[in-house]
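J.: Residues -18 to -1, 1 to 144 (mature numbering (1 follows the signal peptide of the UniProt record, and there is no 0)) are what the sequence shown spells out, left to right.
Even for Gly, the Cβ is constructed at its ideal location relative to N, Cα and C.
Quantities reported herein were computed from a predicted structural model and do not represent experimental measurements.
Quick one: structure below, then a few questions.
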Amino acid sequence: MTVLKLVSTFALLSVVSAEQLGHHQGPYGYNTFGANAYSSASASAYSSAYRGAQVPILRYENFNNGDGNYRYSYETGNGISAHESGAPRAPGPEGLAVTAEGGYSYTAPNGQQISLSYTADENGFHPVGSHIPTPPPIPEAILRSIEFNRQHSTSRDGVYHG
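Dropping the structure here:
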């Protein structure tokens, strides 16, 4: 389950990064970021067909020593940056599961700076960011009612018998 959550996390980051870098359809109708994207023919087709600005990679680090510990980070010329590190720490059904922590930031089309930090562990994906919607506070009358019901339970089985 943790592996699925980590894969989902990476997929989310990929989508966010791809959205910011733009979408490109090659001259033959396929995505040149896919198979053979780095062949000279694909690079040539990409260069001639891509009409947007070339975005340089300012910094890129990727370390993986093969035992489950890893870290990566990158920064692009258009202000996108991301970092993550992970290590096998959490007990899982097949041994230690990798837990991760990281973050990313970019400027949204409306000019808002988006920054998100997260952890991903045996308890799920936990994002933190000022742009993430939060529920409104629970009204005081509801909180009092919940506490009253908790203190004056008429049934021990947790089921309403009204």
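1. When you compare the segment 89 to 98 with the segment 71 to 78, are there three or more beta-carbon pairs, one atom per stretch, that lie closer than 8 angstroms?
2. Which one or two residues does DSSP pair with G68 in a beta bridge?
3. In whole angstroms, what is the alpha-carbon distance linking E104 and A79?
4. Considering Cα atoms alone, identify which of G106, I62, S112, A64 is closest to T81.
5. Mark P119 as exposed unless 16 or more other C-beta atoms lie within 10 angstroms of its C-beta, in which case mark it buried.
6. Specify the secondary structure class of N60 as computed by DSSP and reduced to three states.
7. Take Y54 as the anchor and find which of G61, G77, E76, G85 has the nearest alpha-carbon.
8. Would you mind sorting T35 into buried or exposed? The rule is 16 or more other CB atoms within 10 Å of its CB.
9. What are the boundary residues of the alpha helix (DSSP H) that Q36 is part of?
10. Taking DSSP as the reference, what is the three-state secondary structure of T127?
11. For chain B, is any of its Cβ atoms less than 7 angstroms away from the one on N47?
12. Would you tell me roughly how many angstroms separate the C-alpha atoms of T101 and H65, rounded to the nearest one?
T.: In short:
1. As far as the Cβ criterion goes, the segment 89 to 98 does not touch the segment 71 to 78, which means the pair count is below three.
2. Reading the sequence shown from its first residue, position 86 is the one you call residue 68. Looking at the DSSP assignment, G68 forms a beta bridge with Y52, A82.
3. By one-based count along the sequence shown, residue 104 stands at place 122. By one-based count along the sequence shown, residue 79 stands at place 97. Their Cα atoms are separated by approximately 8 angstroms.
4. Position 99 of the sequence shown, counted from the first residue, corresponds to residue 81. The shortest Cα separation from T81 among G106, I62, S112, A64 belongs to G106.
5. Taking the sequence shown and counting its residues from 1, one reaches residue 119 at position 137. P119 should be labelled exposed.
6. The residue you call residue 60 lines up with position 78 of the sequence shown. Here N60 sits in coil by DSSP.
7. Here the question's residue 54 lines up with position 72 in the sequence shown. Residue G85 is the option with its Cα nearest to Y54.
8. By 1-based counting over the sequence shown, the position of residue 35 is 53. Residue 35 is actually Ala in this sequence, not Thr. Flag for A35 reads exposed.
9. Sequence index remark: in the sequence shown, residue 36 carries index 54 (1-based). It is not in any alpha helix (DSSP H) - Q36 carries neither H nor E in the DSSP assignment.
10. Here residue 127 refers to the residue found at position 145 when the sequence shown is read from its first residue. A quick correction: the sequence has Ser, not Thr, at residue 127. DSSP places S127 in helix when its eight states are reduced to three.
11. Of the chains in the structure shown, none is chain B; there is only one protein chain.
12. As a first step, residue 101 must be located in the sequence shown, where it is residue number 119. As a first step, residue 65 must be located in the sequence shown, where it is residue number 83. Rounded to whole angstroms, the gap between the alpha carbons of T101 and H65 is 12 angstroms.
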